[in-house]
Structures are given as C-alpha cells and as structure tokens.
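Everything below concerns the one structure shown next.
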Amino acid sequence: MRTRFTLFVLLILASSSLQAQELYLRLQGSLTTPATSGIVEVSQITDSTGYTRQHNVVTTLGGGLLFGIDAGYQFSENFAAELGFQYLASNRILAKETIVPSLIIAAHTYTRMGQATLGIALNTGGTGLRGFTRMGALLPIFGATFIEAKFILSPPFTPSNTLSKTRNDGKFSIGWYGGMGVEYPLGDKIRISAEVSFNYLRVKTNTQTILERKDLNTGEDLTANLTTSEREIIYLDEINSNSNNRELNSGNFDIDKPEELLAYTSNYSNAGLRIGIAFSLFKK
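Mapping of the sequence shown onto our numbering: residues 0 to 283, in sequence order.
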C-alpha cells in the first residue's frame, strides 16, 4: 500500500513542473464526531429492591471542537506540502456510573490537546472550483485528559460527598489524518473550502495525577491527606509481583511511591466537516 502511494505521488510530481507556485495559510474549524470504538466500562444501577441494571459506556474522546491552521507550499499546480497545528477541545462525556444503595459514583472525562500535522495535498488544479485531498501524520505535542468524579456515600458507610479531579498524560503517539474536499476562490488572494476529514489517533496512558480532592459538604481540600500512591499512578505495559501494586505486591507495597498499574489506550479519533479559508501569502 505504501509503495503504491509513493508511486502515485511520484507520478503527480513527474507530470507537473516543480517550481514554486504559491505559499498559503489556511484556517479551519470543525464540529467533530467520535470515530472508531474506545474504552468500554460497565455502569451499574441497583435500586432499593435489589433490581440491578448494567450497560456499557464506550469512551471516545474525539468528538468536540477542532480548530486548525496550516501553512502550505505549492510545489506545482497539483501538489503541495503542508505543516500545521490543530487544537482539540473534546466534549465532556460520561466515563463511568455506579448507583447502588449507599454508594453513587459518576465520572465524566474530557480532553484538551494540541497536535502538529505534517502531510501533502493534491488538487485538480484550475482557477475556479477545484477538488483536493489531504493526508499525513499527526503528533500530539501538549495537553491532557481530565476526569472529574463524584463519590457519594450514605449509611452504613460514613456519609460523604467528594469530588476528585484527575489529570491523565499519555505516552508518545503518532496518528494520521486524511480528507477530501472542494475549494473556491473569492479573489486572487482568498479561497474558501469545505472538507470531509478524518483523524485517527490512539494514545496509551503514561501517568495519572489527582489534582484536587474536595469535600463538597464542607468545602475542605482533602488533597494533602492523600498518600503518594493514592495521588499518583504510573502506567506500564507489564506489572508483576515486584511492582508497586496493591494487589500483586501487597506485602511490599510502598504508599510513598506512585502505584504501578497496567497501561490502557484511549481513543481520540474523529470525523467532521471542516470549513476553512485560505490566504495566499505569495503567488507566482
């Protein structure tokens, strides 16, 4: 597949003159929808009679608002290279819910992420309406996923109402993007575009830190009362009986060190319709 794609690009290059045609800047915005499946959690609701209902909650963090800016260099009428940046502000979604007698847990999650993009753009050329396709790699460069969870306990437990805010940081990951669309010139220097786009990105969790734990009844900050193992988690691809894990190494578990748990992968893939405007900075 990669060989065919390379040959296709070489054919485009060979069929057109490789002299600089244009340097442009494109601004885009999109309301995205999640694409591909994510983490599946089981939520449970049990009433006072003992009747229990369970359902799956699929966590995908790609849906939300996506804003981007691309700088493109038009090598020929049909071929350009692009370097860009996009920012994802995902929707706040339900990640887990447990409602049983004496215990309620409700966790919501969202992400804020900046991504660098590097790719190519091919277009049909011409001076009027023209079609184009874009593809390339995307690389998260900053941001994190946040979880806000409420814990409500009632008798026979000690009554409490607690809010916990957590930050998850991911390992180095590379995804890809692609899109097809049309653009139309409004003048010599400005073009508008509409593009159906798709981003594929999955990120493995690296660390987790509790930013705040608060008693909602009294307003007291409980974060300082947490041990290091309660406040911090390091995610690994493999853990064993020597790891700092409560279950596998209970006899030597060190509360003054971060707990070690198995890493999991979160899904940030999305699809959407991007509306953009491009400005020609230099045109031959």
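All C-beta atoms in this analysis are idealised placements derived from N, C-alpha and C, irrespective of residue type, glycine included.
Spatial neighbours of residue i in its chain, beta-carbon cut-off 7 Å, leaving aside the 5 residues before and after
i, result
"F278", "Y23, L24, K188 and I189"
"I233", "T206, P257 and E259"
"R245", "F252 and E258"
"F4", "Low local confidence applies: a pLDDT of 49 at F4 is under 50, so the model's placement there is unreliable, and no value is given."
Where residue i falls, given that 16 or more other Cβ within 10 Å makes a residue buried
i, result
"I173", "exposed"
"N216", "exposed"
"N198", "buried"
"S265", "buried"
"A94", "buried"
Beta carbon of residue i nearer than 7 Å to that of residue j
i, j, result
"M179", "G142", "no"
"Q207", "N239", "no"
"T31", "N269", "yes"
"S196", "G83", "no"
"I119", "I191", "no"
"V284", "G130", "The chain is shown from 0 up to 283; residue 284 falls before or after that span and cannot be answered."
Straight-line Cα distance separating residue j from residue i
i, j, result
"N224", "F78", "59 Å"
"K164", "I92", "15 Å"
"A115", "L247", "39 Å"
"Y267", "S228", "28 Å"
"E194", "G177", "10 Å"
"A70", "G62", "25 Å"
"A80", "I209", "41 Å"
For residue i, three-class secondary structure by DSSP
i, result
"T108", "strand"
"E231", "strand"
"S279", "strand"
"S249", "helix"
"T123", "coil"
"A262", "coil"
"P154", "coil"
"A34", "coil"
Own chain partners of residue i with C-beta closer than 8 Å, once the 5 adjacent residues on each side are dropped
i, result
"E237", "L261"
6 Å CB neighbourhood of residue i in its chain, flanking five on each side removed
i, result
"K149", "A105 and L162"
"Y263", "T204"
"Y86", "F66 and G113"
Test: residue i CB closer than 7 Å to a CB of chain D
i, result
"G180", "Protein chain content of the structure displayed is limited to a single chain, and chain D is not contained in it."
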